[in-house]
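Anchor point for the sequence shown: position 23 equals 22 in numbering that gives the first Met the number 0, and the numbering is continuous, going up by one each time.
Yeah, the Cβ is synthetic: ideal placement off N, Cα and C, and Gly gets one too.
Reading through the structure tokens given below for one structure.
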Amino acid sequence: MAQHNELGKKGEQLAVDFLLKKGYDVVERNYRFDKAEVDIIAQLKDILAIVEVKTRSTVDFGNPQDFVKPKQIQRLVKAVDEYVTVNALDVEVRFDIIAIVKNGKSFTIEHLENAFYHF
């Protein structure tokens with residue numbers, strides 16, 4: 000597996016652990032619909048947090064959260080709309096980004112709530 004894929008997988012696991020510690024229930028991982036993939040769907044009370052995880056080995060080229068593009072946001076919104084409809088959920092939906100940067104052997108985790116698009 001390419002090194003960046005391994006870093007991405009590690010980042011997703013760190014994000015899941017981070018959310019669990021904050022009291023979220025992780026409902027889905029890598030949920031796919033159409034051309035979209037939602038990294039993490041987590042719930043905290045009546046909020047469904049749609050979490051895009053961005054992991055980078057350096058911030059030399061910009062912050063991880065700067066790499067979420069408008070087309071990707073459109074796809075995520077469509078996928079989440081489908082997910083909420085199919086599962087007949089009555090929740091507030093929030094789009095978050097968890098930005099992770101590797102610093103030597105440790106990682107910095109930043110949770111950006113309501114990072115984009117609001118229902």
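Go through its chain and collect everything with a Cβ distance to residue i's Cβ below 8 Å, but skip five positions before and after it.
i, result
"residue 111", "64, 95, 96, 97, 98"
"residue 14", "38, 39, 50, 52, 97, 99, 108"
Please list, in chain order, all residues of the same chain as residue i whose beta carbon is under 6 Å from its beta carbon, the five residues on each side excluded.
i, result
"residue 118", "Bear in mind that a pLDDT of 43 at residue 118, under 50, signals an unreliable position, so the number given afterwards is only what the model happens to contain. 92, listed in sequence order."
"residue 109", "98"
"residue 9", "none"
"residue 81", "32"
If we count the other Cβ atoms within 10 Å of its Cβ and call it buried at 16 or more, is residue i buried or exposed?
i, result
"residue 84", "exposed"
"residue 38", "buried"
"residue 104", "exposed"
"residue 19", "exposed"
"residue 54", "buried"
"residue 22", "exposed"
"residue 87", "exposed"
"residue 11", "buried"
DSSP on residue i, reduced to helix/strand/coil?
i, result
"residue 89", "coil"
"residue 48", "strand"
"residue 72", "helix"
"residue 17", "helix"
"residue 77", "helix"
"residue 84", "helix"
"residue 104", "coil"
Which residue marks the beginning of the beta strand (DSSP E) containing residue i, and which one marks its end?
i, result
"residue 27", "24 to 32"
"residue 65", "Segment: none, residue 65 is in no beta strand (DSSP E) and carries neither H nor E."
"residue 37", "35 to 43"
"residue 115", "Run containing residue 115: none; DSSP gives neither H nor E here."
Does the ligand MG have even one heavy atom less than 8 Å from the beta-carbon of residue i?
i, result
"residue 96", "Ligands in the displayed structure: none, and consequently the ligand MG is not present."
Starting from the C-beta of residue i, find all residues in its chain whose C-beta is less than 7 Å away, skip the five residues before and the five after it, and write them out in chain order.
i, result
"residue 24", "41, 42"
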